[in-house]
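Number of protein chains: 2
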Amino acid sequence: MEKTRAVTARPSPEAARDIPEATVARLPVYLRALTTLSEQGTSTCSSEELAGAAGVNSAKLRKDLSYLGSYGTRGVGYDVEYLRYQIAREIGVTQDWPVVIVGIGNLGQALANYSGFRSRGFRVVALLDADEARHDEVVAGLEVRPFSDLEQIVSDHAVAIGVIATPAVAAQDVADRMVACGITSILNFAPSVLSVPEQVDVRKVDLSIELQILAYHEQRKTQGAAS
Amino acid sequence: MEKTRAVTARPSPEAARDIPEATVARLPVYLRALTTLSEQGTSTCSSEELAGAAGVNSAKLRKDLSYLGSYGTRGVGYDVEYLRYQIAREIGVTQDWPVVIVGIGNLGQALANYSGFRSRGFRVVALLDADEARHDEVVAGLEVRPFSDLEQIVSDHAVAIGVIATPAVAAQDVADRMVACGITSILNFAPSVLSVPEQVDVRKVDLSIELQILAYHEQRKTQGAAS
DNA sequence: TCGGTTTTGTTCTCGCGTTCACAAGCGCCT
DNA sequence: AGGCGCTTGTGAACGCGAGAACAAAACCGA
Ligand SMILES: NC(=O)c1ccc[n+]([C@@H]2O[C@H](COP(=O)([O-])OP(=O)(O)OC[C@H]3O[C@@H](n4cnc5c(N)ncnc54)[C@H](O)[C@@H]3O)[C@@H](O)[C@H]2O)c1
Ligand SMILES: NC(=O)c1ccc[n+]([C@@H]2O[C@H](COP(=O)([O-])OP(=O)(O)OC[C@H]3O[C@@H](n4cnc5c(N)ncnc54)[C@H](O)[C@@H]3O)[C@@H](O)[C@H]2O)c1
Numbered sequence: 001m002e003k004t005r006a007v008t009a010r011p012s013p014e015a016a017r018d019i020p021e022a023t024v025a026r027l028p029v030y031l032r033a034l035t036t037l038s039e040q041g042t043s044t045c046s047s048e049e050l051a052g053a054a055g056v057n058s059a060k061l062r063k064d065l066s067y068l069g070s071y072g073t074r075g076v077g078y079d080v081e082y083l084r085y086q087i088a089r090e091i092g093v094t095q096d097w098p099v100v101i102v103g104i105g106n107l108g109q110a111l112a113n114y115s116g117f118r119s120r121g122f123r124v125v126a127l128l129d130a131d132e133a134r135h136d137e138v139v140a141g142l143e144v145r146p147f148s149d150l151e152q153i154v155s156d157h158a159v160a161i162g163v164i165a166t167p168a169v170a171a172q173d174v175a176d177r178m179v180a181c182g183i184t185s186i187l188n189f190a191p192s193v194l195s196v197p198e199q200v201d202v203r204k205v206d207l208s209i210e211l212q213i214l215a216y217h218e219q220r221k222t223q224g225a226a227s
Numbered sequence: 001m002e003k004t005r006a007v008t009a010r011p012s013p014e015a016a017r018d019i020p021e022a023t024v025a026r027l028p029v030y031l032r033a034l035t036t037l038s039e040q041g042t043s044t045c046s047s048e049e050l051a052g053a054a055g056v057n058s059a060k061l062r063k064d065l066s067y068l069g070s071y072g073t074r075g076v077g078y079d080v081e082y083l084r085y086q087i088a089r090e091i092g093v094t095q096d097w098p099v100v101i102v103g104i105g106n107l108g109q110a111l112a113n114y115s116g117f118r119s120r121g122f123r124v125v126a127l128l129d130a131d132e133a134r135h136d137e138v139v140a141g142l143e144v145r146p147f148s149d150l151e152q153i154v155s156d157h158a159v160a161i162g163v164i165a166t167p168a169v170a171a172q173d174v175a176d177r178m179v180a181c182g183i184t185s186i187l188n189f190a191p192s193v194l195s196v197p198e199q200v201d202v203r204k205v206d207l208s209i210e211l212q213i214l215a216y217h218e219q220r221k222t223q224g225a226a227s
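In structure tokens:
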């Protein structure tokens, strides 16, 4: 390993090129748009069409796709099925991802009942809750189990992704336990800042923040009109 | 109106400075961190402490706050209560925002039951659903009403913010109706691209996309380990 | 076989956001 | 009163992402 070849861009054929984070965030959108097109019977589409369906600029779409490789045909466009498979493979949704949900309250139940996960390669293998009163309750065809079963479940199903839907005060504890079990990706719905080891990915979904951002812009609209 | 003075930056004293979008997205996080500090009895904090609590870099925090004004004291730090009020005022959460939720299924019910909205200045004034079987059902103390009541409710309560929690196929129709009623901010949970007039703000929350992003990174971790 | 047409893949430029680093300012202690 | 230490606010450098623009490539029709 002379120099720092692994870090900088390398044209090596088998090595995965590293895809910009902004692009990674859009690939699932393209994937969904392609699925829709496919269901409508479209077999080929141009970057312009696909960009329209995905709600982005066509130049941006082409640049994003170019990070994956050259899967289009100049003068023709992209083969819908082929591109769909390539994106799915790149994201990793061709394989099946086992997921555990911790905190089966209002939100946890909604998540457990959501069919859109399974159809996109995610399989909820267990629902965990600290509240004993909830145990053995059946939600979405799965029994709610005690939080202490986490280790067992993670090891049995090789779970790598955990979802936190507990109150904010419990979130850090739950995250610590998840990390200790070997979970390396966490989707956090609790409004709290999690601290985890560097190799663990955390994504946060915070509904009140979204509303507050809307409120900010809303306020500016009305205040501008008032002046 | 000589030149395009209104569009470019203007140092006018009363005019609201325009705050970068990235900063706006972080202000609610600071707000929450300040609330927590306040509840713990802290009356003063440094940018370093607050940044730690919010999970960001302290330089970034200071720059973000500097867009609002100079609310800190050099050598001392920030007054927690004072800063909290200033941020709340800037975001607009000192006032009360009426909100309607459309689509009272799994997710809509969870949202309706969520107490975190009210405590942050948002008040759910109505729950709407197209399914007649759901009408008159009571969720979170509110009666589920027919979607056709939208106009009436929006005008009665001066609603500016709408939440869409319907299936994807219905989302565009719902959005169109909302816009027609005068709603100018939409939070969309359906996995679909909405097209709305320019002056309407749309924010999208897409849980499967979040999971797919995690899956992408997860895949890279394991594949890196395998090579 | 060859020009024309269409659409991709890529290069280049610009602007935004992040981070470093430091001067200015404030309080405290002597 | 004056110096000292601490913390803010900001100027400047840097890197990433967005978008325009174009050259390269593939198909089509004559
Ligand atoms: N409901 C929503 O629409 C909504 C919206 C935005 C954010 N959130 C956030 O999502 C989280 C869950 O919200 P909710 O409305 O479902 O709350 P909830 O109170 O209905 O459910 C929380 C569940 O977590 C369980 N729990 C508590 N501590 C636990 C622990 N240590 N280990 C395992 N389970 C534990 C509780 O028993 C309960 O069943 C909260 O942090 C909330 O702020 C919810
Ligand atoms: N449940 C989840 O955790 C989850 C997660 C991610 C995304 N989503 C998305 O959120 C949306 C709602 O999910 P859900 O699980 O609550 O679905 P759901 O089927 O349980 O509820 C949808 C509700 O919308 C109502 N509806 C349908 N068409 C309507 C219309 N035109 N006007 C008004 N109401 C209408 C239905 O009657 C139903 O009550 C979906 O788009 C889904 O993809 C849900």
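Chains W and G are the protein sequences, given in the same order.
Just so we're aligned, residue 1 is where the first sequence starts under full-length UniProt numbering, counting upward by one.
Just so we're aligned, residue 1 is where the second sequence starts under full-length UniProt numbering, counting upward by one.
Built from N, CA and C at the ideal position, the CB exists for glycine as well.
Only a predicted model underlies this, so the values are computations on that prediction, with no experimental measurement involved.
Buried or exposed by the 16-neighbour rule on C-beta atoms within 10 Å, applied to residue i
i	result
G:E143	exposed
G:E218	buried
W:V99	buried
W:P40	Sequence check: residue 40 of chain W is Gln here, not Pro. Burial call: exposed.
W:G108	buried
W:V138	exposed
G:E132	exposed
W:D18	exposed
G:E210	buried
W:R74	exposed
W:V102	buried
W:R145	buried
G:Q95	exposed
W:R134	buried
W:D136	exposed
W:R26	buried
G:A6	Bear in mind that the predicted position of G:A6 carries a pLDDT of just 34, short of 50, making it unreliable; the figure below should be weighed with that in mind. Exposed, by the Cβ-count rule.
W:Q223	exposed
Inter-residue CB distance, residue i and residue j (contact presumed, cutoff 8 Å)
i	j	result
residue 229 of chain G	G:G77	Residue 229 of chain G is absent from the model: chain G starts at 1 and stops at 227.
G:S38	G:E81	6 Å
W:Q172	W:L187	Actually they do not touch by this definition, with Cβ atoms about 15 Å apart.
W:I161	W:S192	About 19 Å separates the two Cβ atoms, so there is no contact after all.
G:V200	G:V179	6 Å
W:R177	W:L150	6 Å
G:T35	G:D79	Not quite, the Cβ-Cβ distance comes to about 14 Å (not below 8 Å), so this is no contact.
G:W97	W:A22	Contact doesn't hold; Cβ gap of about 30 Å is too wide.
G:G116	W:S208	5 Å
W:V125	W:I153	7 Å
Check whether residue i and residue j have beta carbons under 7 Å apart
i	j	result
W:R120	W:V93	yes
G:V202	G:V196	yes
G:L127	G:I104	yes
W:I213	G:V24	yes
W:A110	G:N106	yes
G:A130	G:F147	yes
W:L83	W:Y71	yes
With a cut-off of 8 Å, do at least 3 Cβ pairs link the segment 50-64 of chain G to the segment 27-34 of chain G?
By the Cβ test, the segment 50-64 of chain G is in contact with the segment 27-34 of chain G, since at least three Cβ pairs between them sit closer than 8 Å.
Please give me, in chain order, every unbroken run of the alpha helix (DSSP H) with length at least 4 that falls completely inside the UniProt domain "CoA-binding" (92-193) of chain G.
Those alpha helix (DSSP H) runs which fall completely within the UniProt domain "CoA-binding" (92-193) of chain G and span 4+ residues are 106-113, 150-157, 168-181.
Of all the alpha helix (DSSP H) runs that stay within the bounds of the UniProt DNA-binding region "H-T-H motif" (29-68) of chain G, which reach a length of 4 or more residues?
Taken in chain order, the unbroken stretches of alpha helix (DSSP H) that lie wholly in the UniProt DNA-binding region "H-T-H motif" (29-68) of chain G and span 4 residues or more are 47-54, 58-66.
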